[in-house]
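Student:
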Amino acid sequence: MSKNHAIVVEKPGEAIKTEVSIPKLRDDYILVKVKAVALNPTDWKHVDFLASHGARIGCDYSGVVEEVGSKVIKDFKKGDRVTGMVHGVLDKLSTNPSNSPYQPTPPQPKSPSSSMAAAAQPALSQSNSRSFQA
82 MSKNHAIVVE
92 KPGEAIKTEV
102 SIPKLRDDYI
112 LVKVKAVALN
122 PTDWKHVDFL
132 ASHGARIGCD
142 YSGVVEEVGS
152 KVIKDFKKGD
162 RVTGMVHGVL
172 DKLSTNPSNS
182 PYQPTPPQPK
192 SPSSSMAAAA
202 QPALSQSNSR
212 SFQA
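Residues in the sequence shown are numbered consecutively from 82, following the working numbering.
(1) In whole angstroms, what is the alpha-carbon distance linking residue 128 and residue 92?
(2) Note down, in chain order, each residue of its chain lying with its Cβ closer than 6 Å to the Cβ of residue 104, except the 5 sequence neighbours on either side.
(3) What are the complete beta strand (DSSP E) segments, minimum 3 residues, inside the segment 135–183?
(4) Please go through the same chain and pick out, in chain order, the residues whose beta-carbon is closer than 6 Å to the beta-carbon of residue 168, but skip the five residues on each side of it.
(5) For residue 147, count neighbouring Cβ atoms within 10 angstroms of its own Cβ and tell me buried if that reaches 16, exposed if not.
(6) Return helix, strand or coil for residue 126, following the three-state DSSP convention.
(7) Between the alpha carbons of residue 179 and residue 94, how many angstroms are there, rounded?
(8) Within this structure, are the beta carbons of residue 172 and residue 115 separated by less than 7 Å?
(9) For residue 157, count neighbouring Cβ atoms within 10 angstroms of its own Cβ and tell me buried if that reaches 16, exposed if not.
(10) Quick check on residue 131: buried or exposed, where buried means 16 or more other Cβ atoms within 10 Å of its Cβ?
(11) Taking the CB atoms as reference points, tell me whether residue 138 and residue 88 lie closer together than 7 Å.
(12) Out of 111, 84, 86 and 123, state which residue places its alpha-carbon closest to the alpha-carbon of residue 162.
(13) CB residue 106 to CB residue 160, shorter than 7 Å?
As C-alpha cells, this is what we get:
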C-alpha cells in the first residue's frame with residue numbers, strides 16, 4: 082500500500098483528512114491496516130482543545146496486521162485480526178507498540194462488529210482499576 086490517509090488537526094476546532102506518510106515500522110511494533118475505530122470524547126477534545134497543528138486523531142481501533150517488527154515477542158503474524166489503543170489511529174495504516182500498556186489484542190474469532198471490539202478493549206482493560214460501588 083503506497084498511500085496513507087489520516088485525520089489531522091489543522092487548527093483548534095478543525096481537523097482534516099489528508100495524505101500522510103506510511104509509518105515506519107519499529108522493531109518492537111506491528112503495522113496495522115485499520116478497519117474500524119471507536120470515536121470517543123478524547124478524539125473531539127484533542128481537536129478542540131489539546132492537540133497542536135499536525136497532530137493525528139483517534140485512539141481505539143480494530144484492524145488487520147500488515148507487518149510485524151523483528152523484535153515483537155507476541156505471536157502476531159500478517160493477516161491476524163487485532164484490536165488496540167494507540168494515539169493517532171484515524172489512519173489507514175497505523176503502528177502499535179506490541180508491549181504497550183494497552184497492547185493490541187491477539188487474533189480473535191470473528192465478531193459481529195469491529196467497531197464494538199475497538200471500543201470494548203480499552204473499556205474492559207480499565208475494570209481492574211475502577212470500582213462501580215456506591
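Heads up, the beta-carbon is just placed ideally off N, CA and C, and yes, glycines get one too.
Tutor: In terms of the structure at hand:
(1) 8 Å
(2) 176
(3) 141–149, 162–166 and 174–178
(4) 140
(5) buried
(6) helix
(7) 32 Å
(8) yes
(9) buried
(10) exposed
(11) yes
(12) 111
(13) no
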